[in-house]
Every structure is written in C-alpha cells, then in structure tokens.
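All remarks here apply to the structure that follows.
Spelled out as structure tokens, the structure:
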C-alpha cells in the first residue's frame, strides 16, 4: 500500500469510527473502497492508532477519540 493510500485509509477509518464498530463492521464498510484490504492489515492500523491515542477499544468495538485517563 502506498503512503498516500495509507493516509487516506487512516482518515476514512477515523471518520467511520465516530460511532463504535467492530473489526468486521469496519472492514465491511471499507471493502468497497479498498477491495484488497485484509482484516489483518486493518487490525494492524487500528493497533497503531490505539497506541497513538487516536482510537479506543472498548467492549469489542473501536471508537475514534482520545484515550481517557482514569484517576487511581
């Protein structure tokens, strides 16, 4: 995947994740725009975005947004 395609995919993922979605739901929404996209590739992108704090994973669903810090 070319760098421009990666940035476009990332932007589409973040836009779609304004509402919580599972990996399968997200892959189904993106498949028409990225026919060769594999779930493993999408999952790797979601993991990277989670590490960067752009995506939260909660109750089996991904959601765009900053990671909320809990007071201990």
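In the working numbering, the protein residues as written are 6 to 77. For glycine and all other residues, C-beta sits at the position ideal for the given N, C-alpha and C. Every value quoted in this text rests on a predicted model; they were computed, and no experiment measured them.
By the neighbour-count criterion, in which a residue is buried when 16 or more other Cβ atoms sit within 10 angstroms of its Cβ, residue 67 is buried. The continuous beta strand (DSSP E) containing residue 63 extends over residues 60–63.
Straight-line spacing of the CA atoms in residue 53 and residue 31 works out to 16 Å. When the Cα atoms are used, residue 14 and residue 57 turn out to be separated by approximately 16 Å. Note: residue 67 is bridge-paired with 26, 62 in the DSSP secondary-structure output.
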